[in-house]
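A.B. asks:
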Amino acid sequence: MVRVTTAALIAAALLIPVPAADAVELKIATLAPDGSYWMNEARAAADEVAERTSGRVSFRFYPGGTMGDDSAVLRKMRIGQLHGGVFLAGSLGQVAPDIQVYSLPLLFASYDEVDAVRSRVDADLVAALDAAGYHTFGFIEGGFAYLYTTSKAAGFDDLKGRKAWLPEGDPIGRVLIKEASLSPVPLGLSDVLTGLQTGLIDVVTGPPVGAVALQWFTKVRYMVDVPVIYTHGLVAIADRAWDRIAPADREIVDDVFSRMTRKLDQRAREDNRAALRALGKQGVEVITTSDATKRQWQAMAARASAALVQELDLSRALVERIDAILDGYRREASADDAGAR
Amino acid sequence: MRSSSPRCPTPAVVLAATLLPVLAGCSAVVSSTTGRLTEGLTAAVLDQNDPETVRQGAPAYLLLVDGLIAGDPDDPELLIAGAQLYASYTTGFVDDPERAKRLAERARDYGWRALCASDDDTCGVWELPFADFERAVGAVGPKHVPALFAAGAGWATWVQVNRDDWVAVADKARVEAIMKRVAALDEDFREGAAYVILGLLNSIIPKALGGNPEQGRRDFERAVELSRGRDLTAKVLLAGEYARLVFDRELHDRLLEEVLAADPEAPGLTLSNTMAQARARRLLADADDYFGE
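Going down the list, the protein sequences come from chains L and V.
The first sequence begins at 1 in the numbering used here and counts up by one.
The second sequence begins at 1001 in the numbering used here and counts up by one.
1) Is the beta carbon of V/Gly1152 less than 7 angstroms from the beta carbon of V/Met1179?
2) For L/Ala213 and L/Gly339, what's the separation of their Cα atoms in angstroms?
3) Taking Cβ positions only, does L/Ser71 come closer than 7 angstroms to chain V?
4) Counting only beta-carbon separations shorter than 7 angstroms, does V/Phe1220 have a partner in chain L?
5) According to DSSP, L/Gly85 sits in a beta bridge with which residue or residues?
6) When you compare the CB of L/Ala335 with every CB in chain V, is at least one pair closer than 7 angstroms?
7) In terms of residues, what are the limits of the beta strand (DSSP E) holding L/Phe257?
8) I believe V/Ala1150 touches V/Ala1083 by the beta-carbon criterion, under 8 angstroms. Please report the beta-carbon distance rounded to the nearest angstrom.
9) Between the C-alpha atoms of V/Asp1075 and V/Pro1059, what's the straight-line distance to the nearest angstrom?
10) Do you know offhand how far L/Phe59's Cα is from L/Ala248's?
11) Counting only C-beta atoms, is V/Pro1129 closer than 7 angstroms to chain L at any point?
12) Of the residues that make up the stretch 203-222 of chain L, which ones have a beta carbon closer than 8 angstroms to any beta carbon in chain V?
13) Given a cut-off of 7 angstroms on the beta-carbon distance, is the pair V/Trp1166 and L/Ala32 in contact?
14) Alpha carbon to alpha carbon, how far is V/Gly1292 from L/Gln94? Give it in angstroms, no decimals.
15) Give a yes or no on whether 7 angstroms exceeds the smallest Cβ distance from L/Arg60 to chain V.
16) For L/Lys152, does the count of other Cβ atoms within 10 angstroms reach 16, so buried, or fall short, so exposed?
17) Around the Cβ of L/Asn40, are there at least 16 other Cβ atoms within 10 angstroms (buried) or fewer (exposed)?
18) So which residues on chain V does L/Gly66 lean against when the C-beta distance must stay under 9 angstroms?
19) Starting from L/Trp165, trace the beta strand (DSSP E) both ways and give me its first and last residue.
20) Taking only beta-carbon positions, decide if L/Arg330 is within less than 7 angstroms of chain V.
21) In chain L, which residues lie less than 9 angstroms from V/Val1161 when you measure between Cβ atoms?
22) What number of angstroms, rounded off, separates the C-alpha of V/Ala1100 from the C-alpha of L/Asp313?
23) Which chain V residues sit within Cβ distance under 8 angstroms of L/Leu189?
24) Would you call L/Thr205 buried or exposed, if buried means 16 or more other Cβ atoms sit within 10 Å of its Cβ?
25) Taking the alpha carbon of L/Pro97 as the reference point, which residue from L/Ala132, L/Leu176, L/Tyr37 and L/Gln81 has its own alpha carbon closest?
26) Determine the extent of the alpha helix (DSSP H) in which L/Ala45 is found, giving its start and end residues.
27) Looking at the strands, I want to know which residues DSSP matches up with L/Ile172.
28) So who's on the other strand from L/Ile140, going by DSSP bridges?
29) For V/Asn1162, count neighbouring Cβ atoms within 10 angstroms of its own Cβ and tell me buried if that reaches 16, exposed if not.
30) Is L/Asp337 helix, strand or coil by DSSP?
31) Suppose the cutoff is 8 angstroms on Cβ atoms and the five residues either side in sequence are ignored; what does the same chain contact list for V/Phe1133 look like?
32) Note down the Cα distance separating L/Ile245 from L/Arg221, rounded to an integer number of angstroms.
33) Using DSSP with H/G/I as helix, E/B as strand and the rest coil, what is V/Arg1244?
34) The alpha helix (DSSP H) that contains L/Tyr102, what's its start and end?
35) Under three-state DSSP, which class holds L/Ala21?
36) For a contact defined as C-beta to C-beta under 8 angstroms, what are the partners of L/Asp271 on chain V?
Right under this line is the structure:
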């Protein structure tokens, strides 16, 4: 009888996976609402990790911005209340300045240029963040941010004096607005739509997916076709939490979350294309800039970038390396064009 | 121009685009010969306390409505019934995403046709840029409320099942414009059903991203008030959408306990209330997991 009971207990023990005593639960905050594509992917990744580590590593998500904005999440990570978060790259500028480098104004003229640079530079930025005490799985494209206006601004000078949304605590936006002679109105993201509705602001910036999802298109009528800023985000986990995971399990988490990151990164581009079409369908008119206007934009961006490299404390060597990659890419592209002709 | 005033024997029913709405049926299926039959059928459906019976029986009812519309393609009352039946059946009973998209497209199409048949100033306005569309909806008068609501309910269903499509994401603003107009013209319509959809739309985007969940809460609460608390669906959605979005577990659990303690039997609401209770049980069961306690 005793033997039967023991056998049954052993059998039961074999059938029921018991989480190891050193199980790690990672608490991650994000602005993405539950049920969004983003959260669905994150939950699927978390399930895969839990299964492959037999429950030694699990995730607890706090979606929908319930833990506050990026800076609040970063504070909570510092005191150990949270272990990780999903951030806009700019929000981690304080801990690793160089990860903001892609957001220098008009750095890229096209997504092809983005790809040429990111394929060579992403790894260095991941390493910079690592050195600052944060683990990440790569970058997730947010896409090019464009300018949207409530009334037509055909030329660069037509923007002068218009009331432009300045995201709170965003040095890149501040310098850009100053150099473009716009009139800055500092607002949190949560007040942008209301600001457009009440006329407090008449110029906003963001990728097309933002302009659709946050319903800016109900108030703006025009989009200027200049890719002003490249935006990107990332999942960052504090080393303090990351290091509690056994090395073999870290490999599993890296594998699963890097795959998720690449998927979201690629999907973002298609989403922005689709969102751009949706904007057109809602009646938002794309303003094509003339060559002369483009040159004005580029001159402004050069001034703004010079100021920002200093203000954001970006590595000059990194900026020069990116410029060199872009120069090489552009020479090759124009040689290809000439060859094609 | 034809006005429509379908007589719904039962109130507050169609919460299309909600997650558990009901076979609605406002029986606008009141063509003279079939009127009594369809009214009786509708009442029987809405008072059913076994959702599975409705799930299995509803397709025949949809075909019946399709047939009636084919015979009288510009009758606003039939088109209203078609939009609402397809909307409710899709959101309440269809799990297969591809089927849901097909059925929701029909709901949206019937809804647009119903509005156009009721108020010919609105024909084709859904193709206009947003600002012009909003103006056109703002000009719709009170006698077109049933058709306007049907257009919003059908469209809301289409938006709901096409969440991966950016055109649908943008169209949320159009559904909102319609439901705001319905609420402004006749907030009691279907005991506040417009507020349920407004509550849903306002509980999607978190405050941190510029959403207005508090408005969503007020909308749901207004819907509860207007149904004098008898309609359990609005409460379940207030818990499942709003309370979860803002991470308010106390409110979440309290509302769901109230729903489970209530008597689901109410004329015209038995089916939707029964489904609301089932959803309340599911939400409570996975609350620990969601709220992380």
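In this text, a Cβ means the ideal position worked out from N, Cα and C, and glycines have one as well.
C.D. replies: Quick answer:
1) yes
2) 42 angstroms
3) no
4) no
5) L/Ala29 and L/Ala236
6) no
7) First-last for L/Phe257: Pro247 to Lys281, but that is the alpha helix (DSSP H), not the beta strand (DSSP E).
8) 4 angstroms
9) 21 angstroms
10) 17 angstroms
11) yes
12) Val209, Val212, Ala213, Leu214, Gln215, Phe217, Thr218 and Arg221
13) no
14) 30 angstroms
15) yes
16) exposed
17) exposed
18) Looking at the sequence provided, one finds Thr at residue 66 of chain L rather than Gly. Simply Pro1206, Ala1208, Leu1245, Val1246 and Phe1247.
19) Lys163 to Pro167
20) no
21) None at all; the shortest Cβ gap to chain L is about 13 angstroms.
22) 53 angstroms
23) Ala1208, Leu1209 and Gly1210
24) buried
25) L/Ala132
26) Tyr37 to Arg52
27) According to DSSP, L/Ile172 bridges with nothing at all.
28) L/Gly233
29) buried
30) helix
31) Val1125, Trp1126, Arg1174 and Ala1177
32) 50 angstroms
33) helix
34) Note, L/Tyr102: premise wrong, no alpha helix (DSSP H); not H, not E.
35) Its pLDDT being 49, under 50, L/Ala21 is placed unreliably by the model, and the measurement read from it follows with that caveat. L/Ala21: coil per DSSP, three-state reduction.
36) Trp1166
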